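In the order they appear, the protein sequences are chains X and R.
Counting from 169, one number per residue, gives the positions in the first sequence under my numbering.
Counting from 261, one number per residue, gives the positions in the second sequence under my numbering.
What follows is a single structure, written as structure tokens, with notes after it.
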Amino acid sequence: MNSRNRSLGFGISIGLAGLLLLPFAVGSYAQHVLVVSLYYVVLASSWNLLAGYTGLFSLAHHAFAALGGYTSGMLAVHAGVPVPLGILAGVILAGAAGYGLGALTLRMRAIYLALATWAFAESLRLIIAAEYKFTRGDLGLRVPHLFGTSNPRVHYYIFLALALLTVVAIRALLHSKIGYRLRAIRDDEEAAATTGINTVRWKKFAFAVTSAMAGMAGAFYGHYIGLLSPVSIKFTEMATIIIMVIVGGLRTISGPIVGAVFVEVLSEVLRLSGEVRMVLFALLVIVLMRLYPGGLMAFVRSVARRLRRYTALREVPASWQEKEIS
Amino acid sequence: MDNLNLIAQYVLSGLVIGVIYALMAVGITFIYSIMKMINWSMGEFFMIGSYLQFFLIMGLLGPGRWYLAIPLSMLAVGVLGVFLQRLLLRPMFVGTLERRDEYATIVTISLSVFFRNLAVVVFGPYQFSPPDYFRPVQLGPLPLNGSRFVAFIGSALLLALFYLGVKRTWLGRALQGAAQNRLGVQTAGIDLQRLDQIAFGIGVALAAATGALLAPILLVHPENGAIATVKGFEIIVIGGLGSITGSIIAGLLLGLVESLGTIVLSPAYRDVYGFALLIAILVLRPWGLFGERERVA
Chain X
169 MNSRNRSLGF GISIGLAGLL LLPFAVGSYA QHVLVVSLYY VVLASSWNLL AGYTGLFSLA
229 HHAFAALGGY TSGMLAVHAG VPVPLGILAG VILAGAAGYG LGALTLRMRA IYLALATWAF
289 AESLRLIIAA EYKFTRGDLG LRVPHLFGTS NPRVHYYIFL ALALLTVVAI RALLHSKIGY
349 RLRAIRDDEE AAATTGINTV RWKKFAFAVT SAMAGMAGAF YGHYIGLLSP VSIKFTEMAT
409 IIIMVIVGGL RTISGPIVGA VFVEVLSEVL RLSGEVRMVL FALLVIVLMR LYPGGLMAFV
469 RSVARRLRRY TALREVPASW QEKEIS
Chain R
261 MDNLNLIAQY VLSGLVIGVI YALMAVGITF IYSIMKMINW SMGEFFMIGS YLQFFLIMGL
321 LGPGRWYLAI PLSMLAVGVL GVFLQRLLLR PMFVGTLERR DEYATIVTIS LSVFFRNLAV
381 VVFGPYQFSP PDYFRPVQLG PLPLNGSRFV AFIGSALLLA LFYLGVKRTW LGRALQGAAQ
441 NRLGVQTAGI DLQRLDQIAF GIGVALAAAT GALLAPILLV HPENGAIATV KGFEIIVIGG
501 LGSITGSIIA GLLLGLVESL GTIVLSPAYR DVYGFALLIA ILVLRPWGLF GERERVA
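Right, dumping it as structure tokens:
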């Protein structure tokens, strides 16, 4: 173990301790905002894996979150299934549905894929709204809370664990052979197939894994809020996820985390109406795409690089600077 | 006999709505055929068109002169489209932008979020309802609301005009050429950047026309473009991206399927039938009914 690893380990422990103690430093409303941020960290990170790293620009990610939520919620309400078991069912169903949608859209080019996934999401929303006997439609379905509590501090720890699990899993996946296969498929599917990558299998795999992650987030979130509504499958929700990922930085591991927390916390700090907020964030995305396509993380990194140039730390060996895989 | 009459009514009303859907779809597919991108903010140009129409007929022109307001709304939205194309979408073709699809999708989705929320900020979440354009008419066995009749005739007229424009004028031929081979058109000395702007302008003007025509039916509010966009996207996938004939036929087909699905199955799922049709087409013919098969280079 060299000194670099030791200092990295130290940094991670400090960060983790900070995250664990955070709920004690802030009030319950801020805790709630953090829970929502962490929920979006899971969604944004997993969508980034699908769209950014595998090149499958799906517009149904929010629908899989809702699918997980509704599966678990309806099992609890109509069949009396214990909440944790229902969540598990939600994750499995969302993953299976993702696998199915992946299989269905296998042959599609980028634009067809976006259109087909978007149509899938819209239809799911319409079906949930129409089947009001089971889903209570637009009125919303009341579901029990996980562990019978809506205390944001408890759920903060749950979502912290989920977000960490997701991000660590995605990081490990991207650094493994599978990650290289996914990126190869994104960059040139035919070339990837030529080198012996089973593109069909890995595309379906990417869809299944990311949809299961979204379903997990959605199921836990439903049992935190205690209310499910088809509004969560509106396209605005998908746009929010995209905004978060782009603001943070597409095709970076830290980008979606930074973007989700930045967008969610800034929304609360600004205390503007939802519409004004969305106008501002949409503008921010357009400006970033036009001028700084790497997102905020690329911006921060370039500023850091410039700062480093002014300080004596210029002689840092290249291996010290952790490179982000893109 | 009564049953037959009923079916005839549903078929006819399906065709009427199909023509209106087709106008929106043709705008989307036209932009795609030239710029090879999907404009996800089409519904917002529809919405802007309907707001312009509403304020023009309620303020400047008076409700009687809705037929003057429609071309004006189209023109204004077309100019806005040209401006936005120049500002935001030109970098797709100038310079070295990687992953154009992704850029175009993200920028136009953001534009859609931007305009939709801006409309709420500026005009509030209210619904404005313009007066009917025309008195109710009887179309064969089908009694038709006046506005729907106008929307039907207007859409058919605009589709015919558009078709003639593309087939008969110099600009139309240039656009057809650009749709077939962007490089080839450039070697013929045609300014492709200008063509892109014109195509985008015309495409969003068609969306504005749909919005203006449907204003008394779908009402004027920030999200009124959503339904038309859903149908438009379904139609272009069914008909095949980039095919104008395909869009028109798929529009009629979608109108029929929805209308007949309503009587044969259930009216609650009216908006899901289009998706079922889309899935069926995608599984059997992923390039759409009239689209070109992807050529692998």
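Idealized CB from N, CA, C, for every residue including glycine.
No experiment lies behind these values; they were computed from the predicted model shown.
Asked	Found
Residues of its chain near GLY444 (chain R), where Cβ-Cβ distance is below 8 Å and the 5 sequence neighbours each way are ignored	GLY437
Three or more C-beta pairs below 8 Å linking the segment 473–489 of chain R and the segment 371–387 of chain R	yes
Spatial distance of HIS230 (chain X) from VAL311 (chain X) (CA atoms)	19 Å
Complete alpha helix (DSSP H) runs within the segment 442–487 of chain R (minimum length 4 residues, chain order)	442–447 and 452–478
Coil, strand or helix - LEU464 (chain X) by DSSP	helix
8 Å Cβ cutoff, ILE523 (chain R) in contact with chain X	no
Exposed unless 16 or more other CB atoms sit within 10 angstroms - verdict on LYS345 (chain X)	exposed
With 16 other Cβ atoms within 10 Å as the buried cut-off, status of LEU217 (chain X)	buried
Exposed unless 16 or more other CB atoms sit within 10 angstroms - verdict on TYR478 (chain X)	exposed
The segment 317–328 of chain R / the segment 519–531 of chain R touching (three or more Cβ pairs under 8 Å)	no
Cutoff 8 Å: ARG388 (chain X) Cβ touching any chain R Cβ	In the sequence as presented, Arg is not what sits at residue 388 (chain X); that position holds Phe. By this cut-off, PHE388 (chain X) is not an interface position.
Separation of LEU243 (chain X) from VAL249 (chain X), as counted between CA atoms	6 Å
Cutoff 8 Å: ILE298 (chain R) Cβ touching any chain X Cβ	yes
Complete beta strand (DSSP E) runs within the segment 398–442 of chain R (minimum length 3 residues, chain order)	402–404
Paired residues, beta bridge with ARG511 (chain X) - DSSP	The requested residue 511 (chain X) is not part of the displayed model; chain X covers only 169 to 494.
Burial state of ASP481 (chain R) (16 or more Cβ within 10 Å)	Per the sequence shown, residue 481 (chain R) should be read as His rather than Asp. Flag for HIS481 (chain R) reads buried.
Residue-level contact to chain R via CB, VAL453 (chain X), 8 Å cutoff	yes
PHE375 (chain X), buried or exposed, once every other Cβ within 10 Å from all chains shown has been counted against 16	buried
Delimiting residues of the alpha helix (DSSP H) encompassing GLY347 (chain X)	345–355
Contact set between PHE493 (chain R) and chain X, taken where Cβ atoms lie within less than 8 Å	LEU283, TRP286 and ALA287
Exposed unless 16 or more other CB atoms sit within 10 angstroms - verdict on ALA359 (chain X)	exposed
Closest residue to LEU187 (chain X) among X:LYS371, X:LEU206 and X:GLY220 (Cα-Cα distance)	X:LEU206
Simplified DSSP state of ARG310 (chain X), which is helix, strand or coil	strand
Contact with chain X by THR289 (chain R), beta-carbon distance below 8 Å	no
Coil, strand or helix - PHE388 (chain R) by DSSP	strand
Neighbour flag for ILE413 (chain R) against chain X, beta carbons, 8 Å	no
Residue of R:SER503, R:TYR270 and R:LEU520 minimising C-alpha distance to ASN285 (chain R)	The sequence given here places Ala at residue 285 (chain R); Asn does not occur at that position. Cα-wise, what sits closest to ALA285 (chain R) is R:SER503.
Exposure of LYS301 (chain X), with buried meaning 16 or more beta-carbon neighbours within 10 Å	exposed
4-residue-minimum alpha helix (DSSP H) runs that sit fully inside the segment 409–478 of chain X, ordered along the chain	422–438, 442–459 and 463–478
PRO331 (chain R) at chain X interface by Cβ criterion, 8 Å	no
Minimum Cβ-Cβ distance from ILE267 (chain R) to chain X less than 8 Å	no
Beta carbon proximity, LEU294 (chain X) to chain R, threshold 8 Å	yes
Rounded C-alpha distance that separates VAL367 (chain R) from GLN398 (chain R)	45 Å
Secondary structure of LEU396 (chain X), DSSP reduced to three states	strand
Beta-carbon proximity list for ALA439 (chain R), same chain, < 8 Å, skipping 5 on both sides	SER293, ILE294 and GLY502
Residue environment, ILE180 (chain X), which counts as buried when at least 16 other CB atoms sit within 10 Å	exposed
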